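Notes to accompany the following structure.
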Amino acid sequence: MTSLVSRLGRMAFAILPLAACSATAPTVPRASHVDMARYMGDWYVIASIPSRFEKGATNAIESYRMAPDGTVETTFRYRKDNASGALKTMHATGFAHPETRNAVWGMQFIWPIKAQYVIAWIDPEYRFVIVARDKRDYVWVMARTPTVSDADYKALAARVVEMGYDSQALKRVPQQWPEPKAE
42 MTSLVSRLGR MAFAILPLAA CSATAPTVPR ASHVDMARYM GDWYVIASIP
92 SRFEKGATNA IESYRMAPDG TVETTFRYRK DNASGALKTM HATGFAHPET
142 RNAVWGMQFI WPIKAQYVIA WIDPEYRFVI VARDKRDYVW VMARTPTVSD
192 ADYKALAARV VEMGYDSQAL KRVPQQWPEP KAE
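For the numbering used here, count along the sequence shown from 1 and bump the result up by 41.
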């Protein structure tokens, strides 16, 4: 009998991680509609919970261009550690899901993997956007200008917290323009 109880205990312990993996986080909100033509262009990253590649980013800009095949050519550029730091650039292809009215994309940095990219909120004038993920591991607060007022920043940060993100993890991204000349 002890052997049976022991085996059942070990089985339960072994399946526990699988049960945790099957639980899904609540979805982040989605913008009701994203006008792709208006969304294209440059967005300055004002704040983020960064990926490991973006830590220490300064003057971060995400640029979008509609490709002839309907995908979105994405370029993310930033300076490492400060405004005169090394220029880093990453390229990805965005695949908007029309059934979400273009609010959910797959963002592909490496084939065949597509990371979730959710336009969770966008300002009606397309001045500000919050890009999030259901996992709540990353978030990007972006604007059409390199700086925003303190009131706008506080309102944007409050929206991020309402989406279930940790306010302490959200970090402002330094934007120092014009960039110093390389020496």
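Even for Gly, the Cβ is constructed at its ideal location relative to N, Cα and C. Owing to the predicted nature of the structure, the values given are computational and were not obtained by experimental measurement.
Contacting residues, own chain, Cβ-Cβ under 6 Å from residue i (five flanking each side not counted)
| i | result |
| --- | --- |
| M131 | F117 |
| A101 | V86, Y119, V214 |
| P219 | none |
| D83 | I102, S104 |
Chain-order list of residues whose beta-carbon lies under 7 Å from that of residue i (same chain, five-residue window excluded)
| i | result |
| --- | --- |
| E200 | At residue 200 the sequence reads Arg, which differs from the Glu that was named. Correct list, in chain order: W162, I171. |
8 Å contact criterion, which residue i and residue j should meet: CB distance rounded
| i | j | result |
| --- | --- | --- |
| M77 | M107 | 6 Å |
| Y119 | M81 | About 20 Å; that fails the 8 Å criterion. |
| T115 | G135 | 5 Å |
| F169 | D207 | Not a contact, Cβ separation roughly 20 Å. |
| P221 | A124 | 6 Å |
Residue j beta carbon less than 9 Å from that of residue i
| i | j | result |
| --- | --- | --- |
| A88 | K212 | yes |
| V69 | G205 | yes |
| T99 | Q217 | yes |
| V159 | R71 | yes |
| Y167 | R79 | yes |
| A133 | F150 | yes |
| D175 | P91 | no |
| G137 | V75 | The amino acid at residue 137 is misidentified as Gly; the sequence shows Ala. Yes. |
Beta-carbon contacts of residue i that lie in its chain and below 8 Å, excluding the five residues immediately before and after
| i | result |
| --- | --- |
| I56 | Residue confidence for I56 is low, a pLDDT of 37 falling below 50, so the modelled location carries little weight; the figure read from the coordinates is stated next. For I56, where only same-chain residues beyond five positions count, there are no Cβ hits under 8 Å. |
Would you be able to state if there are at least three C-beta pairs under 8 Å between the stretch 175 to 190 and the stretch 136 to 148? no
Uninterrupted beta strand (DSSP E) stretches inside the stretch 142 to 205 (no shorter than 3 residues): 145 to 151, 154 to 163, 169 to 173, 180 to 184
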